[in-house]
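Below you'll find the structure, written out as structure tokens, and then a few comments.
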Amino acid sequence: MNKFISFAPLVQRLNDPHFSVFVFLFKAFVLLFIIISIVLFIYDRFIQRDNQLLINYPLIGRLRYFFYLLRDPMRQYFGDEKFYESFDKVRWVYSAAESKSPYTSFSVGQPIKNAKISLKNVNCVLNTSEVQESFSVVFGEDLKYPFKTKSVIGRSAMSDGAISPEGTRAFSKGAYLGGFAINTGEGSLTSNFFYTYQCNRKDYAFLDVKEGTFFAKYSYKLLRYLVGKSIAIDLYRDMVIGNKEQESYLFDEKKMICFRINYDAPLENFPKEIPSDIPDIIFQMGSGLYGVRDKDGNFDEVRYQKVMRFSRMTEIKMAQGAKQTGGKLLACKVSEAIAYYRGVQPHKNLFSPNQFPFAHTLEELFDFIGRLKTLSQKPVGVKIVLSSKENFLEYADLLKQRIEANSHAYPDFITIDGAHGGSGAAPLAMMMSVGMTITKALYLANKILKEYGIRDKIKLIVSEKVLTPDDAVILFAMGADYIAIARAFMMSAGCIRARECSGANGRSCPVGLATQDKSKRRSFLVEQKARHIARYHNQMIEGMRNLLAIMGIRRLSDLSTDNLMFKDSDGILHMDIDEYFDNILRS
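Following the working numbering, the numbering of the sequence shown begins with 13 at its first residue and continues without gaps.
Right, dumping it as structure tokens:
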């Protein structure tokens, strides 16, 4: 009797109609799973002849590819951080962007066993308030329009196209709010860099403006309320513009207009001064000449002058750390708008040439730089990757020759990208095996320029794996004038390091940051991420000030290698970092 009573609740549950539905669904799922498994088994073993593993191990062999699929997006959640020194540094970026506490408890998450450059503190430290509040650098001091930066940290080159339109808008507004410069990447100066621009009727002379009818405007307001802003904007642009290039137009909600820069307008219609409501823009020119070429693909001087009416200086991309070639944009990212900006065919792989068209020799490159400086009266520099001392001596010899001849045909700055620099799409062999790491390359370049007596004429921009304030302070101590950051700014904008930036294999960025997939882009929170981007920059600057204070340094320019020490991979501490690097580079 007791046993029967003890089973009574179970009997009652079996009679429960909800429980019966659950049992039915469970049985249906199991049956479906068995049927699919049998079909896959038969297909793998007897039909397909593309994969020998699946012939020998039908069904079970598919687990290999399932785990491969999970490897990249899930790798950061399990095990120790492999690429950066510690996952604590990655977490700091996210915390800084989201205004969370930057403090760590007990210890770092994993011991740092690799060779490492460290900072020297002093006995009597300063208060942070005694350290200069902001840092800046001047490029092209002898030019008509020199560029005095508002910060010594900026966003490195990332093209609109490699980055989604929404991502580029967030970066542009974040740069504007944070007071730092943003590099366009080689994909040209697109409409999305003007996200903060307030369109006025006096500016219509250089703008292509589209305004909707009363019906279109009313429809937008209704749809915005019913289905959300993103979809409403798309439908409004479709009604007002109607062609496939509609995404090349920005939408001004207050004035209810769509607009983009009209590069067909005469040069005299373009503003004489850079508008104050856009961020400081560094225009990057790559081997494809995107944004400054004519219909035949040749360099267009007038188009370049128009672009420079909105840009502070020009960077010629000769190479980057992850790939020493032109940019690579897969067909899935070449939308109609991207094709419009770059003057190419949409939905086709876009691989820029390896060689910059005006750089068959360094002399030709320097002459072209002089030509650009004459056209813009603004600073022009070059982005390179160093592999040896001889590499840079070629630059230094020609720099000294041009400077002594009172020629302006030489770069005002050199951007050095380290071998571990990142990319949205790069050949694996180039990403792993080419170039010097940034500390060695920077030390070498700084030392040679000083020995040649021309260091004061050339500014050095550096980029590679900078996440936290200590990363930046070390590079400034080693001679950097300015630091360009890409991956950390990506993380501040919501990147989860899923490594699906290229769009290859049918997969795309899951957060809508590095994709042209509209379904994923619609979820990207532009305004929120713009604030996060600005906060990350501000926390970097504040963190640098805190470090300078405990090092007893009031001004960034007072930093030197004397403030550094180095522990090599054998655990030996080198207090004289110059001696160590000289020995390494000599061997």
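All residues carry an ideal CB built from backbone N, CA and C; glycine is no exception.
Keeping to the same chain, check which residues put their C-beta closer than 8 angstroms to that of residue 6; ignore five residues upstream and five downstream. Since the first and last residues shown for the chain are 13 and 599, residue 6 lies out of range.
Would you check if the distance between the CB atom of residue 267 and the CB atom of residue 211 is smaller than 8 angstroms? Start at 1 with the first residue of the sequence shown, and residue 267 comes out as number 255. Start at 1 with the first residue of the sequence shown, and residue 211 comes out as number 199. Yes, the pair counts as a contact, with Cβ atoms nearer than the cut-off.
In this structure, how does DSSP classify residue 580 when only helix, strand and coil are distinguished? The count along the sequence shown starts at 1 and reaches residue 580 at position 568. Three-state DSSP puts residue 580 in coil, outside helix and strand.
Identify the continuous beta strand (DSSP E) that holds residue 166 and give its terminal residues. One-based indexing of the sequence shown puts residue 166 at position 154. Per DSSP, residue 166 belongs to the beta strand (DSSP E) from 165–167.
Alpha carbon to alpha carbon, how far is residue 264 from residue 538? Give it in angstroms, no decimals. The residue you call residue 538 lines up with position 526 of the sequence shown. The residue you call residue 264 lines up with position 252 of the sequence shown. Roughly 15 angstroms between the two C-alpha positions.
Cβ pair count under 8 angstroms reaching 3, the stretch 134–142 against the stretch 161–176: no
Could you tell me whether the Cβ atoms of residue 257 and residue 177 are closer together than 8 angstroms? Working through the sequence shown from its first residue, we reach residue 257 at position 245. Working through the sequence shown from its first residue, we reach residue 177 at position 165. No. Outside cutoff.
Quick check on DSSP: helix, strand or coil for residue 202? Translated into positions along the sequence shown, residue 202 becomes position 190. Coil at residue 202, not helix or strand.
So what does residue 151 bridge to, in DSSP terms? Here residue 151 corresponds to residue number 139 of the sequence shown, with the count starting at 1. 159.
Can you check whether the CB of residue 262 is closer than 8 angstroms to the CB of residue 323? Within the sequence shown, the letter at position 311 stands for residue 323. Within the sequence shown, the letter at position 250 stands for residue 262. No.
Going by CA-CA distance only, name the one from 541, 475, 598 that's closest to residue 188. If you number the sequence shown from 1, residue 188 lands on position 176. The residue with the shortest Cα to Cα distance from residue 188 is 541.
Collapsed DSSP secondary structure at residue 265 in the structure displayed: Numbered from its first residue, the sequence shown carries residue 265 at position 253. It is coil, neither helix nor strand.
N- and C-terminal bounds of the alpha helix (DSSP H) containing residue 504: Indexing the sequence shown from 1 puts residue 504 at position 492. For residue 504, the enclosing alpha helix (DSSP H) begins and ends at 499–504.
So residue 404 packs on residue 457, CB below 8 angstroms; how close in whole Å? Within the sequence shown, residue 404 is the residue found at index 392, counting from 1. Within the sequence shown, residue 457 is the residue found at index 445, counting from 1. Going by Cβ atoms, the distance from residue 404 to residue 457 rounds to 6 angstroms, so yes, they are a contact pair.
Residue 104 versus residue 112 - alpha carbon distance: Locating residue 104 in the sequence shown gives position 92, where the first residue counts as 1. Locating residue 112 in the sequence shown gives position 100, where the first residue counts as 1. Cα to Cα, residue 104 sits roughly 9 angstroms from residue 112.
In three-state terms, what does DSSP make of residue 414? As a position in the sequence shown, residue 414 is number 402, starting the count at 1. Note: residue 414 maps to helix in three-state DSSP.
Could you give the distance in angstroms between the alpha-carbon of residue 109 and the alpha-carbon of residue 422? Looking up residue 109 in the sequence shown gives position 97. Looking up residue 422 in the sequence shown gives position 410. In a straight line, the C-alpha of residue 109 is about 38 angstroms away from that of residue 422.
N- and C-terminal bounds of the alpha helix (DSSP H) containing residue 319: Taking the sequence shown and counting its residues from 1, one reaches residue 319 at position 307. Here the alpha helix (DSSP H) through residue 319 covers 313–319.
Helix, strand or coil: which one does DSSP assign to residue 596? Here residue 596 corresponds to residue number 584 of the sequence shown, with the count starting at 1. Helix at residue 596.
Report yes if the CB atom of residue 455 is closer than 8 angstroms to the CB atom of residue 473, and no otherwise. Sequence index remark: in the sequence shown, residue 455 carries index 443 (1-based). Sequence index remark: in the sequence shown, residue 473 carries index 461 (1-based). Cβ distance not < 8 angstroms, so residue 455 and residue 473 don't count as in contact.
C-alpha distance - residue 230 paired with residue 271, whole-angstrom precision: Taking the first residue of the sequence shown as position 1, residue 230 is located at position 218. Taking the first residue of the sequence shown as position 1, residue 271 is located at position 259. Those two C-alpha atoms are separated by around 19 angstroms.
Residue 70 burial status per 10 Å Cβ neighbour count (16 or more: buried): On the sequence shown, residue 70 is found 58 positions in, with the first residue counted as 1. With 16 or more Cβ atoms within 10 Å of its Cβ, residue 70 is classed as buried.
For residue 433, count neighbouring Cβ atoms within 10 angstroms of its own Cβ and tell me buried if that reaches 16, exposed if not. If you number the sequence shown from 1, residue 433 lands on position 421. Residue 433 comes out buried.
Does DSSP classify residue 558 as helix, strand or coil? In the sequence shown, counting from the first residue as 1, residue 558 sits at position 546. The three-state secondary structure of residue 558, taken from DSSP, is helix.
Could you pull the start and end residues of the alpha helix (DSSP H) that residue 183 belongs to? By 1-based counting over the sequence shown, the position of residue 183 is 171. Residue 183 -> alpha helix (DSSP H) spans 177–190.
Close-in-space but distant-in-sequence residues of the same chain around residue 49 (CB under 8 angstroms, 5 per side omitted): Looking up residue 49 in the sequence shown gives position 37. Cβ within range, chain order: 71.
By how many angstroms is the C-alpha of residue 446 removed from the C-alpha of residue 365? For the purposes of this step, residue 365 is identified with residue 353 of the sequence shown, where counting begins at 1. For the purposes of this step, residue 446 is identified with residue 434 of the sequence shown, where counting begins at 1. About 18 angstroms.
Is the beta carbon of residue 470 sitting closer than 8 angstroms to the one on residue 411? Numbered from 1 along the sequence shown, position 458 holds the residue referred to as residue 470. Numbered from 1 along the sequence shown, position 399 holds the residue referred to as residue 411. Result yes, Cβ atoms of residue 470 and residue 411 sit closer than 8 angstroms.
Closest by CA to residue 497, which one among 114, 545, 532? Residue numbering aside, residue 497 sits at position 485 when the sequence shown is read from its first letter. Nearest option by C-alpha distance: 545.
Just how far apart, CA to CA, sit residue 320 and residue 388? Taking the first residue of the sequence shown as 1, we reach residue 320 at position 308. Taking the first residue of the sequence shown as 1, we reach residue 388 at position 376. One C-alpha to the other measures close to 6 angstroms.
Would you mind sorting residue 139 into buried or exposed? The rule is 16 or more other CB atoms within 10 Å of its CB. Here residue 139 refers to the residue found at position 127 of the sequence shown. With fewer than 16 Cβ atoms within 10 Å of its Cβ, residue 139 is classed as exposed.
On the three-state DSSP scale, how would you describe residue 65? Within the sequence shown, the letter at position 53 stands for residue 65. Here residue 65 sits in helix by DSSP.
Distance between beta carbons of residue 485 and residue 556, contact taken as under 8 angstroms: As a working note, residue 556 is residue 544 in the sequence shown. As a working note, residue 485 is residue 473 in the sequence shown. A Cβ-Cβ distance of about 6 angstroms is found for the pair residue 556 and residue 485, placing them in contact under the 8 angstroms criterion.
Residue range of the unbroken beta strand (DSSP E) whose run includes residue 107: To locate residue 107, count along the sequence shown from 1; it is residue 95. Where residue 107 is concerned, there is no enclosing beta strand (DSSP E), although the alpha helix (DSSP H) it sits in stretches over 99–109.
Where does residue 403 sit, in a helix, a strand or coil, going by DSSP? Your numbering for residue 403 matches position 391 in the sequence shown. Note: residue 403 maps to helix in three-state DSSP.
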